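Chains B and U are the protein sequences, given in the same order.
Each residue of the first sequence is one higher than the last, beginning at 1 in the numbering used here.
Each residue of the second sequence is one higher than the last, beginning at 354 in the numbering used here.
Protein chains: 2
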Amino acid sequence: MIDLRNLHSEREASVNIAEVARVTGVSTATVSRALSGRGSVSPTTREKVLTAASELGYVVSQAASTLASGRNRNVGIVVPFLEKWFFVEVLAGAQERLNRAGYDVTLYNLNLDGHGDERREVFENFLLRRRVDAVIAVSLELTDGEIARLHALDKPLVGVGGPITGVRTLALDDVRAARLATEHLLGLGHTRIAHIGGDDASDVDFHLPTKRRQGYEEALRAARVTPDPALLTTADFTLPGGYQAAKQLLGAPVGQRPTAIFATSDEMAIGAILAARDLGLVVPRDLSVIGVDDHDLASFFGLTTIAQSPRHQGALAAESLLAELEPDVHPPIDTVLPFELIVRDSTSRPLVD
Amino acid sequence: MIDLRNLHSEREASVNIAEVARVTGVSTATVSRALSGRGSVSPTTREKVLTAASELGYVVSQAASTLASGRNRNVGIVVPFLEKWFFVEVLAGAQERLNRAGYDVTLYNLNLDGHGDERREVFENFLLRRRVDAVIAVSLELTDGEIARLHALDKPLVGVGGPITGVRTLALDDVRAARLATEHLLGLGHTRIAHIGGDDASDVDFHLPTKRRQGYEEALRAARVTPDPALLTTADFTLPGGYQAAKQLLGAPVGQRPTAIFATSDEMAIGAILAARDLGLVVPRDLSVIGVDDHDLASFFGLTTIAQSPRHQGALAAESLLAELEPDVHPPIDTVLPFELIVRDSTSRPLVD
DNA sequence: TTGAAAGCGCTAACAC
DNA sequence: GTGTTAGCGCTTTCAA
């Protein structure tokens with residue numbers, strides 16, 4: 001096998017700091033300072049270094065830099081699995097902010113969805129290789145052992161999507177968001193309002209199902225409507241799951257049948273809309289439907305929903321970590337996660353009362 | 354701020370190889386050999402080292418190991434954006450295989466979907482920090498400059514989802530897959546078969562739209578059916594896009610209206626099914642629909658489709674890279690990407706001919 | 001503002 | 001099979 005390296009005049013990949021120093025006529029220490037911005041360098045020297053580095057195609061060796069400084073410029077993002085709109089959005093939001101700050105993102109996928117279970121492996125090996133400066137845990141309930149391991153690393157850790165004991169977390173106020181959704185329906189005049197919550201298996205999401213049901217019930221009681229257990233169902237957060245649950249609810253005889261459904265995710269809400277159609281019901285005339293998320297497909301289906309921008313949540317998590325890692329980044333001022341009622345075509349006054 | 358480190362008896366994160374060597378009573382070289390499996394160590398010594406390392410909670414410092422060996426145990430995966438089922442599936446498949454082999458995965462998102470454009474940044478900075486041992490490029494057409502930069506790094510590179518000039522690539526045989534889809538419809542007796550292809554903006558996907566249209570036309574011609582330009586539309590691979598395109602096609606007067614639609618992605622095919630419903634057409638009685646992907650939602654909508662497991666494609670890409678990086682991993686024997694017709698409820702014989 | 005030099009923690013020749 | 005040792009390429013005191 002021919003060694004291609006000697007055929008190239010440009011051996012960019014292996015230009016090192018000494019080379020830049022030699023060309024510029026300064027020491028490696030000065031090059032390092034000029035390039036990293038840490039320590040003072042005269043404007044002239046800095047300029048010369050920058051030019052030389054760029055001409056030589058010099059890029060710092062991350063490994064050497066890390067070994068010497070202890071900084072990785074890399075953040076680990078841990079997700080329970082990837083096949084969900086919410087996780088991917090959070091990931092994209094965090095990734096974008098981190099990349100912009102010059103940080104790499106290493107993705108750890110626990111694969112809790114049946115494709116495997118890399119949980120132990122990730123916490124006991126991968127994260128401990130000190131390849132990351134900080135960790136973002138998305139919609140995960142960590143065990144005490146896992147938290148201890150991360151603490152031992154002495155790295156900042158922030159959760160998105162639910163409270164981790166003793167860890168700073170960004171999470172929607174699920175109770176209030178659910179109350180808002182329910183109040184929207186109540187305000188339109190509905191009283192037979194069904195709820196499709198999350199099932200037990202969705203506990204990766206921190207009892208989020210429980211909290212949203214709680215918000216739903218609070219809103220009903222505040223409006224002097226007694227929650228009817230027959231109007232409570234659960235599903236797995238997916239569209240087919242919502243479809244099934246809705247079919248069940250809508251199969252009840254008229255009079256007992258709900259005039260509105262509040263589903264705890266947009267995918268389930270869309271399932272409910274499709275179920276209604278298949279039963280010959282017209283949305284919103286015969287049935288109002290509201291979801292939570294503002295999923296990609298929500299507007300296509302005309303779904304009224306509570307928007308919660310997970311992308312923004314990811315960016316916010318990144319921002320707050322960067323504030324700890326970079327001297328010149330300030331912690332985000334507003335750390336309250338916004339949510340917002342978006343009224344589309346799937347909700348209206350009930351036909352009959 | 355109190356330094357917590359002294360409060361912990363276990364300073365796991367900072368145990369180094371020298372410590373393990375001291376406890377075991379051997380040299381650091383032997384510890385390194387025992388732990389990495391490179392070079393020979395007596396079974397007894399190995400056992401002792403493993404025990405000590407585990408008891409001390411020793412985990413190798415990736416940076417030091419990389420600096421000394423040149424190996425990162427890390428693979429970069431570059432995606433055009435994340436908001437697409439296909440990309441996420443490929444990512445998940447590759448990630449799982451790589452993690453299993455002890456490799457980390459660093460995700461580079463070019464954000465070509467309007468949320469930004471990190472392309473230059475990624476290729477000119479991130480990838481050149483030599484943090485990765487290899488690169489997987491998903492559905493990307495790389496420029497010569499980009500390829501050159503990666504070549505200069507002297508790292509294995511494999512593409513998934515389309516041919517990159519001069520680079521090994523895993524890609525579906527799009528022409529044949531499209532032909533199979535069209536032949537299914539022809540076989541059922543359809544002749545007025547419309548096609549919803551990908552639009553120009555989808556060129557991130559390597560002229561995949563063109564190839565699939567080609568397969569469609571080949572199949573028609575082979576069956577002595579003249580392709581009708583009026584039956585050709587394009588959309589953006591999304592559900593709403595497919596819906597719009599289908600509405601357009603189905604708006605034609607009976608007789609000119611297609612009896613079947615072949616959409617180049619399942620999401621568009623689902624959009625077509627919904628469009629048909631909204632027009633009062635019954636699928637498959639009045640209209641047959643077939644897609645490509647076997648998307649998560651395909652079975653819910655009863656969609657007949659050409660399955661192309663992107664998860665498997667990701668795993669295969671990972672496997673072939675590992676074969677180059679690890680002495681004991683063999684290149685995958687079968688590198689032909691399988692695709693398969695899955696017949697569900699969205700296709701049947703045409704009502705009239 | 002700049003340079004010299006001591007590591008950072010590990011791996012891989014090489015010697016035994 | 002194991003130990004010695006010279007780096008890997010950078011950052012960061014410390015001195016000038």
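Cβ atoms here follow ideal geometry from the backbone N, Cα and C, with glycine treated the same way.
Bear in mind the structure is a predicted one, so any value in this text is a computation, not a measurement.
Locate the beta strand (DSSP E) running through residue i, then write down its first and last residues.
i: asparagine 427/U; result: 427 to 432
i: glycine 215/B; result: Looking at the DSSP string, glycine 215/B is not in any beta strand (DSSP E); the run it does join, the alpha helix (DSSP H), is 208 to 222.
i: isoleucine 136/B; result: 134 to 138
i: threonine 234/B; result: 232 to 235
i: tyrosine 108/B; result: 104 to 109
Following the continuous alpha helix (DSSP H) through residue i, name the residue where it begins and the one where it ends.
i: histidine 195/B; result: Per DSSP, histidine 195/B belongs to no alpha helix (DSSP H); it is in the beta strand (DSSP E), 193 to 198.
i: leucine 98/B; result: 85 to 100
i: leucine 420/U; result: 415 to 422
i: glycine 271/B; result: 266 to 278
i: isoleucine 147/B; result: 144 to 153
i: alanine 651/U; result: Here alanine 651/U belongs to no alpha helix (DSSP H), and DSSP marks it neither H nor E.
i: serine 54/B; result: 43 to 56
i: phenylalanine 123/B; result: 119 to 124
i: glutamine 244/B; result: 239 to 250
i: alanine 34/B; result: 28 to 36
i: isoleucine 333/B; result: Unbroken run through isoleucine 333/B: none, as it is neither H nor E.
i: valine 20/B; result: 17 to 24
Apart from the five residues just before and just after residue i, which ones in its own chain have a Cβ nearer than 8 Å to its Cβ?
i: threonine 398/U; result: Thr377, Val379, Thr383, Ala387
i: arginine 470/U; result: It is aspartate, not arginine, that sits at residue 470/U in the sequence shown. Closer than 8 Å at Cβ, skipping near neighbours: Leu463, Asn464.
i: valine 488/U; result: Val428, Gly429, Ile430, Val431, Leu480, Leu503, Lys508, Pro509, Leu510, Val511
Only counting the same chain, and skipping five residues up and downstream in sequence, which positions put a Cβ closer than 6 Å to that of residue i?
i: proline 663/U; result: Phe439, Glu442, Val443
i: threonine 191/B; result: Val225
i: glutamate 571/U; result: Arg532
i: alanine 164/B; result: According to the sequence displayed, residue 164/B carries isoleucine and not alanine. Within the same chain, isoleucine 164/B has close Cβ partners Leu142.
i: alanine 371/U; result: Thr381
i: proline 350/B; result: Gly189, His190, Thr259
i: threonine 522/U; result: Gly512, Pro516
i: alanine 298/B; result: Asp266, Thr305
Residue i touches chain B at which residues, Cβ-Cβ below 8 Å?
i: phenylalanine 653/U; result: Leu239, Pro240, Tyr243
i: glycine 469/U; result: Glu96
i: glutamate 474/U; result: Asn99
Cβ closer than 7 Å: which chain B residues qualify as neighbours of residue i?
i: aspartate 457/U; result: Thr106, Phe126, Arg131
i: glutamine 415/U; result: Arg129, Arg130, Arg131
Leaving aside the five residues before and after residue i along the sequence, list all residues of the same chain whose C-beta is less than 7 Å from its C-beta, in chain order.
i: leucine 281/B; result: Leu250, Leu287
i: aspartate 687/U; result: none
i: histidine 361/U; result: At histidine 361/U, the pLDDT of 33 sits below 50, so the modelled position is not reliable; the number obtained from the coordinates is stated separately. Taken in chain order, the list of residues that qualify is empty.
i: leucine 694/U; result: Leu533, His537, Ile659
i: glutamate 436/U; result: Asp466
i: glutamate 365/U; result: In this prediction, glutamate 365/U has a pLDDT of 39, which is less than 50 and means its spatial position is unreliable; nothing more can be read from the coordinates.
i: tyrosine 216/B; result: Ala178, Thr182, His195, Phe262
i: alanine 445/U; result: Arg664, Gly667
i: aspartate 355/B; result: Nothing in the structure corresponds to residue 355/B, since chain B is present only between 1 and 353.
i: arginine 484/U; result: Asn425, Asn427, Thr459
i: glycine 392/U; result: Arg386
From the DSSP output, read off the bridge partner residues of residue i.
i: valine 158/B; result: Ile136/B
i: glutamate 340/B; result: Ala307/B
i: phenylalanine 615/U; result: His548/U, Ile643/U
i: leucine 523/U; result: Val513/U
Starting from residue i, find everything on chain U with Cβ-Cβ shorter than 7 Å and list it in chain order.
i: threonine 66/B; result: Ala416
i: histidine 190/B; result: Ordered by position in chain U, no residue passes the 7 Å Cβ test against histidine 190/B, which lies about 26 Å from the chain.
i: leucine 297/B; result: Leu592
So which residues on chain B does residue i lean against when the C-beta distance must stay under 9 Å?
i: leucine 444/U; result: Leu82, Leu107, Asn109
Using the beta-carbon of each residue, which ones in chain U are nearer than 9 Å to residue i?
i: leucine 337/B; result: Residues of chain U passing the Cβ test: none, with the nearest at roughly 19 Å.
Would you mind telling me which residues of chain U sit closer than 8 Å to residue i, beta carbon to beta carbon, in chain order?
i: glutamate 59/B; result: The sequence shown places valine at residue 59/B, rather than the glutamate named in the question. Ordered by position in chain U, the residues that pass the 8 Å Cβ test against valine 59/B are Asn478, Leu481, Arg482, Arg483.
i: valine 88/B; result: Leu435, Glu436, Val441
Practice item. Mind the definition here: the segment 104 to 114 of chain B touches the segment 71 to 80 of chain B only if three or more C-beta pairs lie below 8 Å; say whether that holds. Key: yes
Review point. Do three or more CB pairs link the segment 391 to 406 of chain U to the segment 51 to 58 of chain B at distances below 8 Å?
Key: no
Check your understanding: Is the segment 250 to 260 of chain B close to the segment 328 to 343 of chain B, with three or more CB pairs under 8 Å?
Key -> no
Review point. Hey, is the segment 314 to 325 of chain B in contact with the segment 260 to 280 of chain B, meaning 3+ C-beta pairs nearer than 8 Å?
Key: no
Practice item. For the segment 560 to 576 of chain U and the segment 520 to 527 of chain U, state whether three or more C-beta atom pairs, one from each stretch, are separated by less than 8 Å. Key: yes
Practice item. Report yes or no: do three or more beta-carbon pairs, one from the segment 584 to 602 of chain U and one from the segment 545 to 552 of chain U, lie closer than 8 Å? Key: yes
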